[in-house]
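Numbering (my numbering), first residue to last: 8 to 493.
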Ligand code: AMP
């Protein structure tokens, strides 16, 4: 930073942050409106919490060293306390639930939409600031609460514009793999976490890569070595058999898994929970094509304690890889961090920008070029009041309209209207005003003709490119252009 008056900063946006223009914002808003409506119809109430939390409330990313902004964006307040921007909407919910537990209706069902920030290395589709939409049930240990979240997530994705069959909810239970490992004599949490992380990479590395990570470790193409979980060959093979026992009809997968994890108490508990989730999903009308049991889904986050879910995009996305559009699971210990009391909770979260990008790639996004306002051309500087009256009249008829407020001439104004994707331009000169008329130019038609969509001469005469009409027919004429009221 410099005080020098001739210092010119380069106009640039920080890495991992994005400017969003109208078409993106409209697409995101539409998704959020559709999903919020679904979540409310299931009895979930909206909740908003602040962008900052005290760093100790976020916990998981924070190292015990003196660098509290590892993974999060943190700052020290003037009372010396560390605050951090939230990295997801789950940790703030846990804090809120702990703080208000006495007065909340229990179970507490809430959905939330908000920006989250992650201080990590950005990459394609991986931002440092993005919007998440979450729904959680706090205070119910019933597997049916998980089933409901899964069914609702599926309904939400469909409402957002993903047709049935375009997204698949994949369900697993952490208890299965934990049970399998305990039965095999793997006791330390560190080793179990290393196994989970290895399995989480199945998509990317394939079976052989995961096999290496379950054992001694893996050498990647660049020559870098990742230390493995240190399982012996027999245990590594049983983990691999487990993760490959998936797909197909849910109840059949469960039978197959029962054979593979064989009889550990925690594993049996996990299977029982999945069976109850399956039964509830049947009751809720969630088809096998919408939700499946897939033992390879483990989810990266440490805090999950039971069922976990992930939403995978199945549609062709032109070679683009989207990873998961959403995920979640049961986290029974997050509220206990504050109160010491275990509060069972389960929820699902999806990234709005990733879903919008996925919809667009799947050809389901709304037209990226949404229509602009009708532009009233300033033909005569002394007639501004008349132009504003025209714009006001259009707006009160529900038609977005604006008066051109730049300083350019006619030609540039027409160009401006076209760039705004205005459906029409309204032109009123001295003659029109004196005669009580107005000229309307159909810019939609102009664009259609230019793009070759319309070349039907008969239609062209039916729909004049430019017409001078009595002033009181203006709204009607514009409506015809927009395609309303025909
Ligand atoms: P998570 O909170 O990590 O379980 O992520 C939940 C969802 O948020 C993911 O399925 C993504 O859709 C989205 N998401 C996670 N990380 C990012 C990121 N860095 N940029 C954009 N979206 C993200």
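For every residue, glycine included, the Cβ atom is placed at its ideal position computed from N, Cα and C.
Item: Given 8 Å, three or more beta-carbon pairs between the segment 109-128 and the segment 238-247; Value: no
Item: Helix, strand or coil at residue 402 according to DSSP, with G and I counted as helix; Value: helix
Item: Cβ distance (whole Å) where residue 163 is taken to contact residue 45 below 8 Å; Value: 5 Å
Item: Inter-stretch contact (C-beta, 8 Å, three-pair minimum) for the segment 174-184 and the segment 271-284; Value: yes
Item: Own chain, CB closer than 7 Å to residue 73, minus 5 neighbours either side, in chain order; Value: Only weak support exists for where residue 73 lies, its pLDDT of 48 falling under 50; the value from the coordinates is given anyway. Nothing listed; no residue qualifies.
Item: Contact under 8 Å by Cβ, residue 288 with residue 300; Value: no
Item: Spatial distance of residue 197 from residue 427 (CA atoms); Value: 57 Å
Item: Sequence-distant residues of its chain with Cβ nearer than 7 Å to residue 303 (five each side left out); Value: 206, 209, 250 and 253
Item: Minimum length 4: unbroken alpha helix (DSSP H) runs contained in the segment 77-132; Value: 97-107
Item: Unbroken alpha helix (DSSP H) run spanning residue 416, endpoints; Value: Careful: residue 416 lies outside any alpha helix (DSSP H) and carries neither H nor E.
Item: Contact the segment 383-398 vs the segment 353-360: 3+ CB pairs below 8 Å; Value: no
Item: First through last residue of the beta strand (DSSP E) which encompasses residue 44; Value: Careful: residue 44 lies outside any beta strand (DSSP E), inside the alpha helix (DSSP H) at 29-48.
Item: Bridge partners - residue 136, DSSP secondary structure assignment; Value: 124
Item: Residue 159 versus residue 107 - alpha carbon distance; Value: 25 Å
Item: N- and C-terminal bounds of the alpha helix (DSSP H) containing residue 289; Value: 272-290
Item: Distance, residue 24 Cα to residue 432 Cα; Value: 36 Å
Item: heavy atom of ligand 1 below 7 Å from residue 331 C-beta; Value: yes
Item: Cβ-based burial, residue 457 [other Cβ within 10 Å; buried from 16]; Value: exposed
Item: First through last residue of the alpha helix (DSSP H) which encompasses residue 150; Value: 150-167
Item: Supposed contact pair residue 306 and residue 317 - C-beta distance, whole angstroms, cut 8 Å; Value: 7 Å
Item: Short Cβ contact (8 Å threshold) for residue 123 with residue 103; Value: no
Item: Nearest to residue 119 (by Cα), restricted to the options 171, 57 and 131; Value: 57
Item: Cβ neighbours of residue 407 in the same chain (closer than 6 Å, five flanking residues each side left out); Value: 380
Item: Beta-carbon gap between residue 449 and residue 420 smaller than 8 Å; Value: no
Item: Residue 46 Cβ short of 7 Å to ligand 1 heavy atom set; Value: no
Item: Through-space distance from residue 351 to residue 146, alpha-carbon basis; Value: 5 Å
Item: Distance cut-off 7 Å: residue 356 Cβ against heavy atoms of ligand 1; Value: yes
Item: Pairwise C-alpha distance: residue 153 and residue 297; Value: 15 Å
Item: Of the listed residues 87, 43, 55 and 53, nearest to residue 63 (C-alpha basis); Value: 87
Item: Contact set for residue 416: own chain, Cβ-Cβ below 6 Å, skip 5 residues either direction; Value: none
Item: Reference residue 83, options 61, 97, 98 and 65, closest by Cα; Value: 61
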